[in-house]
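Data block below; observations after.
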Amino acid sequence: MSVTIKNGKEIEAMRIAGRITGQTLRVIEAAVRPGITTKELDKLAEEYILGCGAKPSFKGYFGYPASICTSVNDQVVHGIPSGRVLEEGDIISVDVGAYIGGFHGDAARTFAVGEISPEHKKLIDVTEKSFFCGIKFAKNGNYLSDISAAIQDCAENAGFGVVRDYVGHGIGRKMHEDPQIPNYRNNKRGIRLRAGMTLAIEPMVNTGTHKVHSLSDGWTVVTKDGGYSAHYENTVLITPNGGEPEILTLY
Ligand code: MF3
Ligand code: CO
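Letter 45 of the sequence shown, counting from 1, is numbered 30 in this note's numbering, and no numbers are missing.
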């Protein structure tokens, strides 16, 4: 395992990639409404990213065919944009990455399409909250598992299941770097966090079981029990001297 530590110049480049990534989510959030297709959202994201002088990180990644992932309702992650029309009451998780200056940003949010049920609203809120519970521990000197445990407790105390088959990750010159960042306890303490590490922390939370499986398109991951799923991800910088982590993809 090799975890990269970014220097000042590299951090500045990560901030730029992160800002574009976050702003892309803002563009998508403003466009989500009943009647729009996931492919239209993909086009908006791609145009925005290219317009910033960046490249979509996902397009062509292991052959992935689009610029964003659009995962609707029981889809957990890696949903491929298509002609699917969003309907009132749907929830949609949008995951986006932007690459510029040699570095990647990676972030995801789940948006409500019109009015949604109270349970699904709670799912989205708890998933976001679990991220913020986790990054309280994203400080130099702490162990990676401190983040994982806090995320798990937050989601499970609300009665939800935390996805295990997909995890967060280090990020930098490559979209996926070491370490892996589980959103649950796995008996390992994990690495010690150090200033200059940049991490994509990304809880995926289901209303029911944590279990998931992939569809035959080779990408789309869905819940086993048909429950709905939410995703909340930011690229985060560990700062010196136990300082607060810096969220690079906020908007
Ligand atoms: N952004 C995802 C992650 O958080 C990966 C997207 S997979 C891709 O790790 F193929 F769509 F790029
Ligand atoms: Co990620």
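All C-beta atoms, glycine included, are put in the ideal place defined by N, C-alpha and C.
Beta-carbon gap between residue i and residue j smaller than 8 Å
{"i": "Thr208", "j": "Val81", "result": "no"}
{"i": "Asn147", "j": "Tyr169", "result": "Residue 147 is actually Val in this sequence, not Asn. Against a cut-off of 8 Å, the Cβ pair of Tyr169 and Val147 comes out as a contact."}
{"i": "Leu251", "j": "Ile53", "result": "Here the chain has residues from -14 to 236 only, and residue 251 is not among them."}
{"i": "Thr112", "j": "Ala215", "result": "yes"}
{"i": "Ala123", "j": "Glu187", "result": "no"}
{"i": "Met182", "j": "Val(-12)", "result": "yes"}
Any non-hydrogen atom of the ligand CO closer than 7 Å to residue i Cβ
{"i": "Ala185", "result": "yes"}
{"i": "Asp91", "result": "yes"}
{"i": "His195", "result": "no"}
{"i": "His154", "result": "yes"}
{"i": "Glu218", "result": "yes"}
CA nearest to the CA of residue i, picked from the options
{"i": "Ala16", "options": "Ala2, Leu29, Ile232, Ile1", "result": "Leu29"}
{"i": "Arg0", "options": "Glu229, Pro225, Thr220", "result": "Thr220"}
{"i": "Ala180", "options": "Pro230, Thr205, Trp204", "result": "Pro230"}
{"i": "Thr9", "options": "Met182, Tyr84, Val152, Gly153", "result": "Tyr84"}
{"i": "Gly212", "options": "Ser42, Ile76, Leu71", "result": "Ile76"}
{"i": "Ser201", "options": "Asn171, Pro164, Gly119, His63", "result": "His63"}
{"i": "Thr224", "options": "Lys121, Pro164, Val57, Tyr151", "result": "Lys121"}
Residue burial classification, residue i (beta-carbon count within 10 angstroms, cutoff 16)
{"i": "Lys106", "result": "exposed"}
{"i": "His198", "result": "exposed"}
{"i": "Met(-14)", "result": "exposed"}
{"i": "Tyr46", "result": "exposed"}
Whole-number beta carbon distance between residue j and residue i, since they are thought to touch under 8 Å
{"i": "Gly4", "j": "Gly87", "result": "According to the sequence as given, residue 4 is Arg; it is not Gly. Their Cβ separation, rounded to whole angstroms, is 15 Å, which puts Arg4 and Gly87 out of contact at 8 Å."}
{"i": "Pro66", "j": "Lys40", "result": "The Cβ separation is near 17 Å, so there is no contact."}
{"i": "Gly48", "j": "Tyr236", "result": "So it is not a contact: roughly 29 Å between Cβ atoms."}
{"i": "Phe116", "j": "Tyr217", "result": "5 Å"}
{"i": "Asp59", "j": "Ile156", "result": "That pair is no contact at about 27 Å."}
{"i": "Ala140", "j": "Val190", "result": "5 Å"}
{"i": "Ser130", "j": "Arg174", "result": "5 Å"}
Any non-hydrogen atom of the ligand MF3 within 7 Å of residue i CB
{"i": "Glu31", "result": "no"}
{"i": "Gly87", "result": "no"}
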